[in-house]
Amino acid sequence: MIPYVHLANKLAEKGHLVTFLLPKKAKIQLEPLSLFPDSIVFDPLTVPHVDGLPVGAETTADVPNPSGNYMSDAMALLRGDIEAKVRALKPDVIFFDFADWVPEMAKEFGVKSVNYHRIRSFCCYGSCSWR
Numbered sequence: 447m448i449p450y451v452h453l454a455n456k457l458a459e460k461g462h463l464v465t466f467l468l469p470k471k472a473k474i475q476l477e478p479l480s481l482f483p484d485s486i487v488f489d490p491l492t493v494p495h496v497d498g499l500p501v502g503a504e505t506t507a508d509v510p511n512p513s514g515n516y517m518s519d520a521m522a523l524l525r526g527d528i529e530a531k532v533r534a535l536k537p538d539v540i541f542f543d544f545a546d547w548v549p550e551m552a553k554e555f556g557v558k559s560v561n562y563h564r565i566r567s568f569c570c571y572g573s574c575s576w577r
């Protein structure tokens, strides 16, 4: 999630307002990294428990491998809460990581969505076909 904070700092530096919807534990860890506290809001979510997800797990860092889709399942249960927040915020764009339902939701609200991942280039090397 740290790359998202770096991106938020860059956007805030340019005058944009940024709202993070993130688990409570992540808020505690990431909020100190904000360089623009008046422009970056951290809005905590309570991640629901699903069978197979370790108790107290809120991020993929809390889940041992192989984790299955437990974290995705938990995030899917937050869809209604997130939709309500998006409806109230009326954002111009939504950046997201693995919640695959976000583009559909964003489209319903007329909002652009961007799947944002920061990965190392060597991670893609073996999965690309250069024929």
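Oh and the sequence shown: position 23 is 469 in the working numbering, straight run, nothing missing.
For every residue, glycine included, the Cβ atom is placed at its ideal position computed from N, Cα and C.
Computed from a prediction, not measured in an experiment: that's the story for all the values here.
When DSSP builds the beta bridges, which residues end up paired with Val487? Residue pairing by DSSP places Val487 opposite Thr465 in a beta bridge.
Give the straight-line distance between the Cα atoms of Asn511 and Val557, rounded to the nearest whole angstrom. When rounded, the distance between both Cα atoms is 34 Å.
Completely contained alpha helix (DSSP H) runs for the region 479–556, where each covers 4 or more residues: With a minimum length of 4 residues, the continuous alpha helix (DSSP H) runs that stay inside the region 479–556 are 516–523, 525–535, 548–554.
Per-residue burial, Val464 [other beta carbons within 10 Å of its own, 16 or more giving buried]: That one is buried.
Paired residues, beta bridge with Lys558 - DSSP: In the DSSP output, where bridge partners are listed per residue, Lys558 has Val539.
Taking the straight line between their C-alpha atoms, what separation do you get for Asp508 and Asp497? Asp508 and Asp497 have their alpha carbons spaced roughly 15 Å apart.
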